[in-house]
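As structure tokens, the structure follows; a few thoughts come after it.
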Amino acid sequence: MSDIHRRYLDHVLTFGKCIRLHDSAAVAESLSFLDKISSLDSIPDYVKSDSIKMLPPLEVLRNNGWFKGVNQWGIVIDGYFNLLSSLKSLNFKNAIKYSSKIVTEVSKIARNEDRWICIPLMTVTTELRKLVMIYIQSSDYDEDVKSQEKQKRQQYGADFQLSLDEELANVLQRPFKVCLSDKSEEKKIAVYFFANELFRTYIKFEKFDAAKNMCKVLLHSPNLPPLSSVPKSQSVTYKYFLAMVECMNFEHLENAAQLLNNALIDCENSPKNGETFKNQLSILLFLMPINFLMYCQLPSPTLWERYPSLAITFRKIFEAVKQGNLKQFDEEVADIQILLLKRHVYSFYIRMRPFVELRLFNKTAHLYIGEKTHIIPLEQFTRAEGYSSGRIFTQEETESRLASLIFSRKIKGYISHGNKVIVLSKKDPFPKQVVPIK
């Protein structure tokens, strides 16, 4: 027997021993491949050496003694070695195919195992998702997409949809469903982990309806373990994604704010490391505009000091809101528009713009000197908008904006269109809107 065949045989037998012992960490390590990418050149290719063909994993496992799920484990090990071989040749499509097969088979195995299988199942699931994300960022993916577009247009015409995202979601649903439907409830503790993997996939591929549907499934699922019983990293991520889904309906922003604030508190109570800090930044990216829209709260100087990267990107936007500076607000939002769109928060900042105008109108009213200071010509506000924004405004535009603010009860008063004035309430015409958050 050649040296490579001997190494292969030892590898399979060691794998089988770990499975028999239910050594969760060792099995997970044996199935991991992303941590081996940097050293692929030093890993033998058991496919090209024909080791798998000469000594199929299932045959090796059976010859060493039967155990529960041996048939599926044989398929898993075979798929793992084919996965490594595909990665060595940079064939991402094949690697994804074998990784998907591994997740499918380990999910089948998990139905008849207790909670020891959760960590191996988590490992193969998250590594499949990450592998797909690596692939779609590669030039190979761009070429494959172009090739598929050409082929499908020839076959079906222009109306088609690429299915990599759907295939990934379908595979990731399997471990999620296994844990969700676990009758013994031993594996239900992992349901939040797999929900997070699905959320990441749905959000990445902008499958927002699918994310909403999964929220409904979780909401109506009985006997889910409390979030307090799972690791903080999982509960924080879960609350974050639930908040993202709530944000899709502006009427649910208060729920989103509560979830995000709770997630931020959980981060504060977690060990301080790079991952926790990254989570805090992601949460605050949503929480800053939502807290402003819901409670008219501005980020405090303390917050900017704690998170300087956020201060560099967002501080001038909130300063513009406080100052009523339309030009600065519009320019700052335009400069980071791509980031805001990518992180799904652009619409929140657009909704903040009326507050900039509100602050501007408030300052204009306080500076107006007339016989009756509560009756102000519309022309005063039109000039103020033009000066603040750097462009010419018509009186009709200004009147429309004032009317909108009156309707939303941010200004107390009424517009006299015939007299071209706004008549403000003598008592508190601009109800207090802005308070700082700690």
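Residue numbers (UniProt numbering): 1 to 438.
Cβ atoms here follow ideal geometry from the backbone N, Cα and C, with glycine treated the same way.
- Item | Presumed contact (8 Å Cβ cut-off) between Leu61 and Val70, rounded CB distance | 5 Å
- With a threshold of 16 other CB atoms inside 10 Å of the CB of Thr373, please say whether the residue is buried or exposed. exposed
- Query: Enumerated in chain order, which unbroken segments of the alpha helix (DSSP H) with a length of 4 residues or greater are wholly contained in the stretch 27-70?
  - Reply: 51-54, 57-63
- Message: Whole angstroms are fine: how far does the CA of Asn262 sit from the CA of Ala256?
- Response: 10 Å
- Task: Report buried or exposed for Gly418, applying the criterion of at least 16 other Cβ atoms within 10 angstroms of its Cβ.
- Result: exposed
- Identify which residue in His252, Leu31, Asp35, Phe430 has its Cα closest to the Cα of Ile117. Leu31
- Query: What did DSSP end up calling Ser416 once you bin it into helix, strand or coil?
  - Reply: strand
- Item | First through last residue of the beta strand (DSSP E) which encompasses Leu424 | 421-424
- Item | Nearest to Arg20 (by Cα), restricted to the options Glu113, Ile43, Lys53, Leu84 | Glu113
- Do three or more CB pairs link the stretch 285-304 to the stretch 345-364 at distances below 8 Å? yes
- Message: What would DSSP say about Ile369, mapped onto helix, strand or coil?
- Response: coil
- Query: Could you check where the beta strand (DSSP E) with Pro301 kicks off and where it finishes?
  - Reply: Unbroken run through Pro301 is the alpha helix (DSSP H), 301-306; no beta strand (DSSP E).
- Task: Give a yes or no on whether the C-beta atoms belonging to Thr398 and Leu378 are separated by under 9 Å.
- Result: yes
- Item | Outcome for Trp66 when other beta-carbon atoms lying within 10 angstroms are tallied against a minimum of 16 | exposed
- Task: Name the one or two DSSP bridge partners that Pro377 has.
- Result: Val421
- Task: Could you please give the first and the last residue of the uninterrupted alpha helix (DSSP H) stretch that includes Lys183?
- Result: Looking at the DSSP string, Lys183 is not in any alpha helix (DSSP H), and its letter there is neither H nor E.
- Query: Quick one: what's got a C-beta closer than 7 Å to Ile375's C-beta in the same chain, skipping five residues either side?
  - Reply: Val421, Val423
- Between Lys130 and the rest of its own chain, which residues show a CB-CB distance below 7 Å, the 5 nearest in sequence each way excluded? Leu34
- Message: Quick check: what's the CA-CA separation for Asp41 versus Leu168?
- Response: 28 Å
- Would you mind working out which of Gly413, Phe92, Ser235, Gly79 sits nearest Val124, comparing C-alpha positions? Gly79
- Message: Rounded to the nearest angstrom, what separates Cys247 and Gly16 at their Cα positions?
- Response: 47 Å
- Straight-line gap, Ser221 to Met214 (C-alpha atoms, nearest Å): 10 Å
- Task: Could you tell me if Lys432 is buried or exposed, where buried requires 16 or more neighbouring beta carbons within 10 angstroms of its beta carbon?
- Result: exposed
- Message: Distance check for Ile203 and Leu339, CA to CA, integer angstroms please.
- Response: 15 Å
- Task: Please work out which residues of its chain come closer than 6 Å, Cβ to Cβ, to Thr394, disregarding the five sequence neighbours upstream and downstream, and give them in chain order.
- Result: none
- Beta-carbon spacing of Ser49, Tyr8 below 9 Å: yes
- Query: Which value, in whole angstroms, describes the spacing of the CA atoms of Ile4 and Val230?
  - Reply: 42 Å
- Task: Inspect the beta-carbon positions of Leu405 and Glu332 and report whether they are closer than 9 Å.
- Result: no
- Query: Do you know whose CA, among Ile43, Arg315, Asn82, lies nearest Pro57's CA?
  - Reply: Asn82
- Query: Below 9 Å between beta carbons: does that hold for Ser24 and Ile119?
  - Reply: yes
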